[in-house]
Each structure stands twice: as C-alpha cells, then as structure tokens.
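**Student:** Residues 1154 to 1587 (our numbering) are what the sequence shown spells out, left to right.
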Amino acid sequence: MPEFSTAAPAVATAPATAPASSISASIDAAAQAVEAQVIAWRRDFHANPELGNREFRTADIVASHLRSLGLDEVRTGVAHTGVVGLLKGALPGPVVALRADMDALPVAEEVDLPFASKVKTLWNGESVGVMHACGHDLHTAVLMGVASVLAGLRSQLRGSVKFIFQPAEELPPEGEDGGAKMMIAEGALQNPLPQAIFGLHVTSRLPLGVIGYRPGPTMASADNLAITVHGRQTHGAMPWAGVDPIVTAAQVVLGLQTIVSRQVDLTREPAVVTIGMIKGGLRENIIPDSVEMRGTIRTFDEEMRDDIHERVTTLAEAISRSARAGCTVCIRKNYPVTVNDPQLTAAMLPSLQRTAGADRVMLVPKVTGSEDFSLFQQLVPGLFFFVGVTPAGTDPSTAAPNHSPRFYADEASLLLGVRASAHAAVDFLEAPRL
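#1: Residues in the same chain with beta-carbon distance under 7 angstroms from Leu1239, minus the five sequence neighbours each way, listed in chain order, please.
#2: What do you get for Ala1578, buried or exposed, if any count of 16 or more other CB atoms within 10 angstroms of its CB means buried?
#3: Evaluate Met1284 with the Cβ neighbour count: other Cβ atoms within 10 Å of its Cβ, from every protein chain shown; 16 or more gives buried, anything less gives exposed.
#4: If distances are taken between C-alpha atoms only, which option among Ala1500, Ile1337, Pro1202 and Val1405 comes closest to Ile1428?
#5: Using DSSP with H/G/I as helix, E/B as strand and the rest coil, what is Ala1552?
#6: Comparing alpha-carbon positions, which option in Glu1455, Ala1509 and Asp1512 lies nearest Asn1487?
#7: With three or more beta-carbon pairs closer than 8 angstroms as the criterion, would you say the region 1471-1487 touches the region 1368-1377?
#8: Which of helix, strand or coil does DSSP assign to Gly1408?
#9: Leaving out five residues on either side along the sequence, give the residues of the same chain with a beta carbon under 6 angstroms from the beta carbon of Val1426.
#10: What residue range is occupied by the uninterrupted beta strand (DSSP E) comprising His1233?
#11: When we look at the beta-carbon of Tyr1366 and count the other beta-carbons within 10 Å, is it buried (16 or more) or exposed?
#12: Report the rounded CA-to-CA distance for Gly1546 versus Arg1586, giving the unit in angstroms.
#13: With burial defined as no fewer than 16 other Cβ atoms inside 10 Å of the residue's Cβ, what is the status of Glu1203: buried or exposed?
#14: DSSP beta-bridge partners for Arg1569?
#15: Give the secondary structure of Arg1507 by DSSP, where H, G and I count as helix, E and B as strand, and everything else as coil.
#16: If you measure from the beta carbon of Val1382 to each beta carbon in chain D, is any gap under 7 angstroms?
#17: Confirm, please, whether the CB-CB distance from Met1501 to Ala1257 is below 7 angstroms.
#18: Keeping to the same chain, check which residues put their C-beta closer than 8 angstroms to that of Arg1421; ignore five residues upstream and five downstream.
#19: Taking the alpha-carbon positions, what's the Ser1177 to Gln1185 distance?
#20: Among residues of its own chain, excluding the 5 on either side of Asp1197, which ones have a beta-carbon nearer than 8 angstroms to its beta-carbon?
#21: What residue from Gly1282, Leu1569, Ala1212 and Val1281 has the CA that sits closest to Ser1504's CA?
#22: For Gly1535, write down the residues that DSSP places opposite it in a beta bridge.
#23: Comparing alpha-carbon positions, which option in Ile1461, Arg1572, Ala1232 and Pro1245 lies nearest Pro1325?
#24: Where does the unbroken alpha helix (DSSP H) through Leu1589 begin, and where does it stop?
#25: Is Glu1583 close to the ligand HEM? I mean its beta-carbon at under 6 angstroms from any heavy atom of the ligand.
#26: Return yes when the Cβ of Asn1493 is within less than 7 angstroms of the Cβ of Thr1401, no when it is not.
#27: Taking one C-beta from the region 1506-1524 and one from the region 1384-1401 each time, how about it: are there three or more such pairs within less than 8 angstroms?
#28: Out of curiosity, what's the CA-to-CA distance linking Gly1352 and Gly1298?
#29: Can you give me the C-alpha to C-alpha distance between Phe1560 and Ala1338, rounded to a whole angstrom?
#30: By alpha-carbon positions, which one of Leu1310, Leu1219 and Ala1341 ends up nearest to Phe1529?
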C-alpha cells in the first residue's frame, strides 16, 4: 500500500453542508436522458457476468465508453481488469472519486428474466454458474451513466471527477491478488489524489426509491477463519483406539458460539463468528485423521477484532487439547470496517435528501456484510450509501437477499443511483470548505 504524503486530513478537505449545485437541474435532465442506455448496459452485464479478476469484457465496454466521452485520461489493466477515468472540469476546483465494482459471483441464477445469466465457468477449479447476485451490474451501469452525465456538463463542472471501476470486490481467485487493495497499490487514488470518495450499493433490504446511510462504522470487517483438528485415524467401531477429530470439531464449533454470546460486550458493537464449512472423513466406519473447518469473523471495532481472534485461537486449541487432539488455527484479515467519515456524511446528507426526497432517506443499522471500499476510506474520507431495489408491493424483509440465486433488482433504481452519485459528486465539488 503506497504512502500518500500529500493527503490532507479529513477536517481540512471536508465541505460544509453541501448546497444544491449550480447545475442541479441539468444533472437531472441529463440523467433522465441516459436512463434507457443505463438499463441496456445493466442488462448486457447481467447476461454476461464475469468473476473477479476475469472482468475482461466488462472492462473493455467500460473503457470504450469512457474514451468515447473524451475523458482526459483512461487507464486500463489496473489490478488486472480495473479501469480508472479522469474527467477535468472547465472550472478550477477539488477532486472527487466515484467507485463501482464490476465482478459477479459463482452463483447459478434462478430468476426468470429474459436477460438471465446462463454463464458457467471454472472458479478455484470447480465448474460454477455465474450471476450478478450482488448487483454489481447495476453499480457498473450507474457509474457509466454518471460519466455520461458529467462529461456532458464539463463546461460547467468545477474541479475533477475520478471514475474507479474496480474488479474482484468479492475476492479474487485463490492464489491471486486483486480488488481495492491492488488498485490502491497500482495508483488508482494518485495523480490526482481525491479529497473524497463516494460509493453506493444496491440492496433488496430497502424498498425502491429509498436511500440508506450511516455515519461512522457501517459495514463489518471480514476475516477468514480456518481451523484443522488433528486426530488419529481408527476404526469407527473402536474409537478408543484413536483420537476422534469429528467429535472434537463439533465441540469446537459449539464452543465458538460462546465467544460472541458470552465473552464479548455486545452492547459496545455487534460481532459474528460463523463456521460455514466442515470437511472430514471418507467412510461411515472410519474415524479420520483430521477435520477441516472454515468460517468468517465479522466485527465493527479493531480492538474487538483482535480480541476475538485471540479468543477463537485459544478456545479451539484448548478444546482440542482436552480431547488429546492437535489443532491448527489460521485467521486471515481481509477487509477492514467500512467507516463513513462522520463530517463528510453530515455534509452530504442534504444532497441525498434533495435527490430522493427527505422522507426517502433513512438512517440504517449496521450491516454485518463487508466491503473493500473500506480500504479506499482508510486513505480518503469516504461515504458509502445504499440504494433500495425491492419493487413496490414486495416486503423487503421477505425479498431474496444479495448473494441469493433469486436476488432481483427493480431497474427503476438505476436512475436514482445515477442522480444520487452525480449530485453528490458535484455538490461536493461546489461546496464551501471548512
């Protein structure tokens, strides 16, 4: 990760409350004009999804579009398939960045759409279906639409806008680097360094037309957990002749649940420890040598994060030792907490309210999902907000969640995404500085 010696602290770069920009009406008119094209892009990306670090077709379409707009700079191949475009306004001013992720998930689609994905490919050595089950097709199409809107208003634009199209937010294939971390390392935030960065995520947990936001810790950190219990293989009819790693692993799984329920102060911040995979044994009458478990740890506080890591390791090793088994624990930190800069969030809230309507902008609870947008926020003050995609008449609490093969997004949300992103960027550029 590069050092940014030129980076100013958030207090020096954050705007005061951002008033409506001088080109607000023009933004809305231009967004309306480009809506049909944004929908067409989204459908194309949805029908042709690509996994992390393999977004070759998507990146080519994005780069070609940015070049057609006459942007001042278009970089490709950033972090394998990332694209970074720079639009310089005709008037002097600060720099703001907008980010969209492009990758799909190894999920076989179950939604009945004329543009439903039928793509299959290899992922970590397995044949999988591929689907935009998290809405990154909408994110990419929205940011392309924002680029069209703002490029058309270049003569009235104050400052510069950096468009960051990122691969592999859902993690790259095993053994590869990628995502926001690699984009940062390859200079996506440099030359010029933005004073703020904005991103959005569509969600079925909010109804169509609603924007959700939260200052401070908003999305959880995400850490991979791998535990291997080492026993001693024996006949299933004679468990006393060996050491049973399956029973021991079961005790470890149950013990791990007490870390969150009994050992950490949940009035301070929520936390999650989940085991999502257990693998061990080949036959019903053989106690195996080992059992492998994999899971995830989610937290909203760095001190709690480290404390939970230590407790997970201590507990798994102690339970295994009590059964005369060995234990190997490996915890790998992935994404840090997504923290919305409080001052920036307060300043930009009026912009979101003007875009969606004050009664359609909601303070949302913390989200235990994670986002590598958080890595950008560690270097630049950032605001990450949510756009509802569940159509009218459907209860968001019963809608298929993101990452489901039945995830569905109402395309009317695309126009709101374009407008919210464009207004936030321009309102920030024109806002008076504190």
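Virtual Cβ for every residue (Gly too), placed ideally from N, Cα, C.
**Tutor:** Put simply:
#1: Cβ within range, chain order: Leu1224, Asp1225, Glu1226, Ser1313 and Lys1315.
#2: By the 10 Å Cβ count, Ala1578 comes out buried.
#3: The residue in question, Met1284, is buried, as its Cβ has 16 or more Cβ neighbours within 10 Å.
#4: Minimum Cα distance to Ile1428 is reached at Val1405.
#5: Correct three-state label for Ala1552: coil.
#6: Residue Glu1455 is the option with its Cα nearest to Asn1487.
#7: Because the criterion of three Cβ pairs below 8 angstroms is met, the region 1471-1487 and the region 1368-1377 touch.
#8: Residue state, collapsed to three classes: helix.
#9: Only Leu1409, Ile1412, Val1413 and Ile1450 meet the Cβ criterion.
#10: Here His1233 belongs to no beta strand (DSSP E), and DSSP marks it neither H nor E.
#11: So Tyr1366 ends up on the buried side.
#12: Whole-angstrom Cα-Cα distance: 43 angstroms.
#13: Buried: at least 16 other Cβ atoms inside 10 Å.
#14: Looking at the sequence shown, residue 1569 is not Arg but Leu. In the DSSP output, where bridge partners are listed per residue, Leu1569 has none listed.
#15: Three-state result, Arg1507: helix.
#16: No chain D is present in this structure, which holds just one protein chain.
#17: No.
#18: Same-chain partners within the cutoff: Asp1454 and Met1457.
#19: Those two C-alpha atoms are separated by around 13 angstroms.
#20: Beyond the five residues adjoining it in sequence on each side, Asp1197 comes within less than 8 angstroms, by CB distance, of Ile1214 and Phe1268 in the same chain, given in chain order.
#21: Comparing C-alpha distances from Ser1504 to each of Gly1282, Leu1569, Ala1212 and Val1281 shows the shortest one belongs to Leu1569.
#22: In the DSSP secondary-structure assignment, Gly1535 is bridged to Ile1350.
#23: Comparing C-alpha distances from Pro1325 to each of Ile1461, Arg1572, Ala1232 and Pro1245 shows the shortest one belongs to Ala1232.
#24: With the chain covering only 1154 through 1587, there is no way to say anything about residue 1589.
#25: Absence of the ligand HEM is noted for the structure shown, with no ligands found whatsoever.
#26: No, these two residues do not count as a Cβ contact at 7 angstroms.
#27: Segments in contact, no.
#28: One C-alpha to the other measures close to 14 angstroms.
#29: Looking at the two C-alpha atoms, the distance is approximately 33 angstroms.
#30: Taking the Cα of Phe1529 as reference, the smallest distance to any Cα among Leu1310, Leu1219 and Ala1341 is reached at Ala1341.
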